[in-house]
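Quick notes on the structure that follows.
2 protein chains.
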Amino acid sequence: MGEYFIGIDLGGTSIKLGITDATGHLLHKDEMPTRPAEGAKAGMERMAAGARQLAESAGIAWGDVKGLGLGAPGFLDLAEGKILRLTNIPWENVPIRDGLQDLLGIPVVIDNDANVAALGEAWSGAGAGLTDMVLITLGTGVGGGVIAGGRLIHGAGGMAGEVGHIPVEPGGVPCGCGQQGCLETISSATGLVRLATAAVGAGRATPLKSDVEAGTITTRDIVNAAREGDPVALEVIDTAVDALARVMAILTLVNNPAAFVIGGGVSGAGETLFTPLRRAFGRHALPDVARGVQIIPAQLGNDAGMIGAAGLTAKGTMMG
Amino acid sequence: MGEYFIGIDLGGTSIKLGITDATGHLLHKDEMPTRPAEGAKAGMERMAAGARQLAESAGIAWGDVKGLGLGAPGFLDLAEGKILRLTNIPWENVPIRDGLQDLLGIPVVIDNDANVAALGEAWSGAGAGLTDMVLITLGTGVGGGVIAGGRLIHGAGGMAGEVGHIPVEPGGVPCGCGQQGCLETISSATGLVRLATAAVGAGRATPLKSDVEAGTITTRDIVNAAREGDPVALEVIDTAVDALARVMAILTLVNNPAAFVIGGGVSGAGETLFTPLRRAFGRHALPDVARGVQIIPAQLGNDAGMIGAAGLTAKGTMMG
Numbered sequence: 001m002g003e004y005f006i007g008i009d010l011g012g013t014s015i016k017l018g019i020t021d022a023t024g025h026l027l028h029k030d031e032m033p034t035r036p037a038e039g040a041k042a043g044m045e046r047m048a049a050g051a052r053q054l055a056e057s058a059g060i061a062w063g064d065v066k067g068l069g070l071g072a073p074g075f076l077d078l079a080e081g082k083i084l085r086l087t088n089i090p091w092e093n094v095p096i097r098d099g100l101q102d103l104l105g106i107p108v109v110i111d112n113d114a115n116v117a118a119l120g121e122a123w124s125g126a127g128a129g130l131t132d133m134v135l136i137t138l139g140t141g142v143g144g145g146v147i148a149g150g151r152l153i154h155g156a157g158g159m160a161g162e163v164g165h166i167p168v169e170p171g172g173v174p175c176g177c178g179q180q181g182c183l184e185t186i187s188s189a190t191g192l193v194r195l196a197t198a199a200v201g202a203g204r205a206t207p208l209k210s211d212v213e214a215g216t217i218t219t220r221d222i223v224n225a226a227r228e229g230d231p232v233a234l235e236v237i238d239t240a241v242d243a244l245a246r247v248m249a250i251l252t253l254v255n256n257p258a259a260f261v262i263g264g265g266v267s268g269a270g271e272t273l274f275t276p277l278r279r280a281f282g283r284h285a286l287p288d289v290a291r292g293v294q295i296i297p298a299q300l301g302n303d304a305g306m307i308g309a310a311g312l313t314a315k316g317t318m319m320g
Numbered sequence: 001m002g003e004y005f006i007g008i009d010l011g012g013t014s015i016k017l018g019i020t021d022a023t024g025h026l027l028h029k030d031e032m033p034t035r036p037a038e039g040a041k042a043g044m045e046r047m048a049a050g051a052r053q054l055a056e057s058a059g060i061a062w063g064d065v066k067g068l069g070l071g072a073p074g075f076l077d078l079a080e081g082k083i084l085r086l087t088n089i090p091w092e093n094v095p096i097r098d099g100l101q102d103l104l105g106i107p108v109v110i111d112n113d114a115n116v117a118a119l120g121e122a123w124s125g126a127g128a129g130l131t132d133m134v135l136i137t138l139g140t141g142v143g144g145g146v147i148a149g150g151r152l153i154h155g156a157g158g159m160a161g162e163v164g165h166i167p168v169e170p171g172g173v174p175c176g177c178g179q180q181g182c183l184e185t186i187s188s189a190t191g192l193v194r195l196a197t198a199a200v201g202a203g204r205a206t207p208l209k210s211d212v213e214a215g216t217i218t219t220r221d222i223v224n225a226a227r228e229g230d231p232v233a234l235e236v237i238d239t240a241v242d243a244l245a246r247v248m249a250i251l252t253l254v255n256n257p258a259a260f261v262i263g264g265g266v267s268g269a270g271e272t273l274f275t276p277l278r279r280a281f282g283r284h285a286l287p288d289v290a291r292g293v294q295i296i297p298a299q300l301g302n303d304a305g306m307i308g309a310a311g312l313t314a315k316g317t318m319m320g
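Residue numbers (full-length UniProt numbering), protein chains in the order written: chain A, 1 to 320; chain B, 1 to 320.
Rendered as structure tokens:
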């Protein structure tokens, strides 16, 4: 008995499936390889079979599963429930909502991966109970999702929350989007590595030199060096948090969230990131608006996407 | 018969009252002096009397008036329906929602003046029918209001839409908010006059020189000179629209609106403003997100506030 919801997080490598109760509590999860080359039809059939299997494994009758949500990376037509074009998966123009509905006989809703992660954190993660929240994900790139007035904001073209492409450095390095100096070029894992590499290239003395020269340097190396007091690593992190804080100060003026929830691999740096980030935000944000704004780590990790996807079809969630 | 709604636009000089039908069509309006010094209690009593009088003048039975909304300039506690502190009116800590409800016996909702103007334009003005829209008001300052997912966005502290204080010029001139180089210091009427004055001060030849030296220069003078091809006036406008377009490009990445609706006195410049503004937006906005975004003049003028205030209590409007 009860009402349950399934969320699917479709990624280039794996498909993650989770089933939640009506409060966003994850009861059971599963994972399968994406196998992009098999095509969208085979993919949909495996997702549908995986969803039924998941409910069974969780001991939940299929009749108690009230909906399925799917988060996908790329360009989607939300109103039509279609995949237009994905990142790292060569499926194009796939009416996946209707396809899954036909296979499963339950309501299906799709949304982009950053949005569903924000919905997950707002439903039962770090932002639980907040009606106004912004998730910023610091990974290979910088993604985001906006919850405002208790709802997930999509925007007219489904592109709301693309905060990684807010320019922060006029004439900065080129970004994959075609602009220069986007937040993503500085405050992502890629950005941190680039800044450390540039410092070594400029002849700065740092224990990071050997990692840079070996081409193995990662965010973790930079964070570890910062924890040990390396001035170069500390500068790299300061540069990254300063750019991020300037964008957060702007978002505070636009949507006035109660909290910024920071997720993604870089957020694993913990207080090495959060302490200077809160300080930089205090420097850049308008005090009257910024007062009381929380800056907190995401809580759901890799489960955020599937939980938020499940939330897309749950009544009483933030679904817009 | 039917359902009608009253909106009050409380300003430092005058109180504007309007009554609308359920589609945001303004049926009748009235205006009275604010008389701030008489105090909040007298003000509330006059507003209540004015609301009853307005319905009577419009030939609408009081029983058909289903709600009253109030827009006010300053700091409000929206949840408690309280005025905390107003701009140009010395009323503090006034439980005005409950006060008006007691006097009138109908539901009352309050919101800030920029938000209600956005709601008005989204309900029955330039943004009618759009679920995602940003109003930017270019007046003495720069204000804004955000409609997202079909609802007015307030944010956690009721401060959403404060787009005038987004910094656009690092180390720029001081703003009233305590920061430097805010959008408001450049793209407001005040900003345009400041830029023209600076150009004259720098020895630039322009027909604006006499107005600047007489201290009588206004936005209208600058717009007129631009229309006649004065390079200095054209540069001033280009500077103002470039800063505005950069902020609009950012807002496009955050909330992805279908339209920017530009209001306030400066928007009276018409195509002298809108043509370079659209061009600058094309230069700064990320093409994938900006495609199809409309940049259009506000339609309701000074009535936007009272119409939007009326909309605060109308069912089926954008009210969040």
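We put the CB at the ideal spot given by N, CA and C, even for glycine.
Contacts between leucine 253 of chain B and chain A, judged by CB atoms closer than 7 Å, involve Glu162, Val163, His165, Ile166 in chain order.
According to DSSP, residue pairing for arginine 151 of chain B in a beta bridge involves B/Ala148. Contact between the segment 90-105 of chain A and the segment 44-52 of chain A is present, with at least three C-beta pairs closer than 8 Å. Taking 8 Å as the upper bound for CB-CB distance, alanine 240 of chain B and leucine 192 of chain B are in contact here, some 6 Å apart. Remark: C-beta atoms of isoleucine 89 of chain A and glycine 39 of chain A do not approach each other more closely than 7 Å. Scanning chain A for C-beta atoms nearer than 9 Å to the C-beta of valine 146 of chain B yields Ala148, Val254, Asn255, reported in chain order.
Spanning the alpha carbons of isoleucine 186 of chain A and asparagine 256 of chain B requires a straight line of approximately 23 Å. At a cut-off of 7 Å between C-beta atoms, alanine 156 of chain A counts as an interface residue with respect to chain B.
Excluding the 5 residues flanking it on each side, histidine 284 of chain A has same chain C-beta neighbours closer than 6 Å at Ala245, Arg246, Ala249, in chain order. Taking 7 Å as the cut-off, the beta carbon of glycine 71 of chain A is found no closer than this to the beta carbon of valine 109 of chain A. Per DSSP, valine 134 of chain A is one residue of the beta strand (DSSP E) stretching across 133-138. Arginine 279 of chain A counts as exposed, since fewer than 16 other C-beta atoms from the protein chains shown sit within 10 angstroms of its C-beta. Counting only runs of 4+ residues, the alpha helix (DSSP H) found wholly inside the segment 33-60 of chain B occupies 40-57, in chain order. Below the 9 Å Cβ cutoff, chain A contributes no neighbours of valine 261 of chain B, its closest Cβ being approximately 13 Å away. Among the residues of the segment 127-142 of chain A, those with a Cβ less than 7 Å away from any Cβ of chain B are Asp132, in the order of the chain. Listed along chain A is no residue with a C-beta nearer than 9 Å to that of isoleucine 296 of chain B; the closest approach is about 14 Å. Between glutamate 31 of chain B and lysine 16 of chain B, the gap from beta carbon to beta carbon is short of 7 Å.
Taking the Cα of proline 170 of chain A as reference, the smallest distance to any Cα among A/Gly181, A/Gly263, A/Gly176, A/Val163 is reached at A/Gly181. Just so you know, the alpha carbons of glycine 7 of chain A and glycine 263 of chain B end up roughly 43 Å apart. For isoleucine 295 of chain A, same chain residues with a beta-carbon under 8 Å away, outside a window of 5 residues either side, are Met248, Ala259, Phe260, Ile262, Phe274, Leu277, Arg278, Phe281 in chain order.
The Cβ atoms of valine 168 of chain A and alanine 233 of chain A lie no closer than 7 Å to each other. Using a CB distance cut-off of 7 Å, valine 289 of chain A counts as an interface residue toward chain B.
When the Cα atoms are used, glutamate 80 of chain B and proline 95 of chain B turn out to be separated by approximately 8 Å. Distances from the alpha-carbon of alanine 148 of chain A to those of B/Val142, B/Ala156, B/Gly143 put B/Ala156 closest.
Per DSSP, reduced to three states, the secondary structure at aspartate 9 of chain B is strand. For glycine 191 of chain B, the uninterrupted alpha helix (DSSP H) segment begins and ends at 189-201.
Secondary structure of glutamate 228 of chain A (DSSP, three-state): coil. With a contact defined as Cβ atoms closer than 8 Å, glycine 141 of chain A and leucine 119 of chain A miss out at about 19 Å. Approximately 19 Å separates the beta-carbon atoms of leucine 86 of chain B and alanine 51 of chain B; this is outside 8 Å, ruling out the contact.
DSSP, read as helix, strand or coil, puts glycine 18 of chain A in strand. Looking at the backbone, the Cα of leucine 135 of chain B and that of arginine 291 of chain B are separated by about 18 Å. The beta carbons of phenylalanine 5 of chain A and alanine 304 of chain A sit no closer together than 7 Å. Measuring C-alpha to C-alpha distances from leucine 251 of chain A to each of A/Val293, A/Ala202, A/Gly270 identifies A/Val293 as the nearest.
Below the 8 Å Cβ cutoff, chain B contributes no neighbours of arginine 220 of chain A, its closest Cβ being approximately 29 Å away. Secondary structure note for glutamate 271 of chain A: its alpha helix (DSSP H) is the uninterrupted segment 271-284.
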